[in-house]
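Final position of the sequence shown in UniProt numbering is 209; the numbers increase by one with none missing. Don't be surprised by glycine CBs; every beta carbon is placed ideally from N, CA and C. What follows is a set of notes on a single structure, which appears directly below.
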Amino acid sequence: DSSNPGTLGITDPELAYAQPTLFDTGSVGLINQRTIEDEIAVLLNNDNQLSVIYQWQVSSDGGNNWTNIGGAEGQFSEWTTLSAGERYRLQVSLTDGTSLVLTHSDETSDVQSSAGVTIYSIAYNAPTTPIEDVNYDVVSALTATTDSVAEPASYDARAHQWSRVESDGSLTALSTDAQFTPTADEVGFKLRVTIAYLDSSGALLAETT
1 DSSNPGTLGI TDPELAYAQP TLFDTGSVGL INQRTIEDEI AVLLNNDNQL SVIYQWQVSS
61 DGGNNWTNIG GAEGQFSEWT TLSAGERYRL QVSLTDGTSL VLTHSDETSD VQSSAGVTIY
121 SIAYNAPTTP IEDVNYDVVS ALTATTDSVA EPASYDARAH QWSRVESDGS LTALSTDAQF
181 TPTADEVGFK LRVTIAYLDS SGALLAETT
């Protein structure tokens, strides 16, 4: 595991991956990718000696020890090669060639094997830019995949949670309706919506943010 020589003054990276279970057919991205990239761009513009490094890491012992995987990249990209029994995180660092400051994302859950398992996933339309006083929604659908065969899935309920992302990265809950109408309070802020599909017992089938 890498020691932390300093603090990187950016919003903590938040991983985006399948909930409630991450399978080896999935991938890992960033929920707040745009925020991270925007904040790093400001740092780089303020100091042309700095460069950014995105490095995926893997642990096979429950997060006690971490090993770099893939290459160190100057731009963010999702990690798509998952193995059962492992968990993943992202390390983001800035260096001027002599010193290094870094931060880590949260960790994924341990990856599970997809063999013979029905995997639920959520497909949704690409979000557009929200406009004040205009109804905003995200159209989504639930899919069930077993051994590479995908088909529409049945469910009992679909839940939404709209939030405003504050300047410090914290969330302010706004609405649980399927549609949300931004007000003047949301102008200049990013919005986040989490969509969850539930079965008849209330158990979570799939969730995405």
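Between which two residues does the beta strand (DSSP E) carrying residue i extend?
| i | result |
| --- | --- |
| ASN135 | It is not in any beta strand (DSSP E) - ASN135 carries neither H nor E in the DSSP assignment. |
| THR67 | 67 to 73 |
| TYR17 | Where TYR17 is concerned, there is no enclosing beta strand (DSSP E), given that its DSSP letter is neither H nor E. |
| LEU191 | 190 to 198 |
| SER99 | Looking at the DSSP string, SER99 is not in any beta strand (DSSP E), and its letter there is neither H nor E. |
| GLU207 | 204 to 208 |
| SER27 | No beta strand (DSSP E) holds SER27; DSSP gives it neither H nor E. |
| LEU174 | 171 to 175 |
Express the C-alpha separation of residue j and residue i in angstroms, rounding to a whole number.
| i | j | result |
| --- | --- | --- |
| SER2 | VAL101 | In this prediction, SER2 has a pLDDT of 40, which is less than 50 and means its spatial position is unreliable; nothing more can be read from the coordinates. |
| GLY9 | VAL42 | 11 Å |
| PRO182 | GLN19 | 27 Å |
| LEU94 | ASP199 | 44 Å |
| ILE119 | THR98 | 46 Å |
| THR194 | GLU73 | 29 Å |
How far does the alpha helix (DSSP H) with residue i in it extend, from its first residue to its last?
| i | result |
| --- | --- |
| LEU44 | 33 to 46 |
Excluding the five sequence neighbours on either side, which residues of its own chain have a C-beta within less than 6 Å of the C-beta of residue i, listed in chain order?
| i | result |
| --- | --- |
| ALA150 | THR143 |
DSSP three-state label for residue i, please.
| i | result |
| --- | --- |
| ALA153 | coil |
| ALA84 | coil |
| ALA159 | strand |
| ALA115 | coil |
Who are the Cβ neighbours of residue i in its own chain at under 8 Å, not counting the five residues just before and after it?
| i | result |
| --- | --- |
| LEU171 | SER163, ARG164, VAL165 and ARG192 |
Looking only at its own chain, which residues have a Cβ that is under 7 Å from the Cβ of residue i, when we skip the five neighbours before and after it?
| i | result |
| --- | --- |
| GLY116 | ASP147 |
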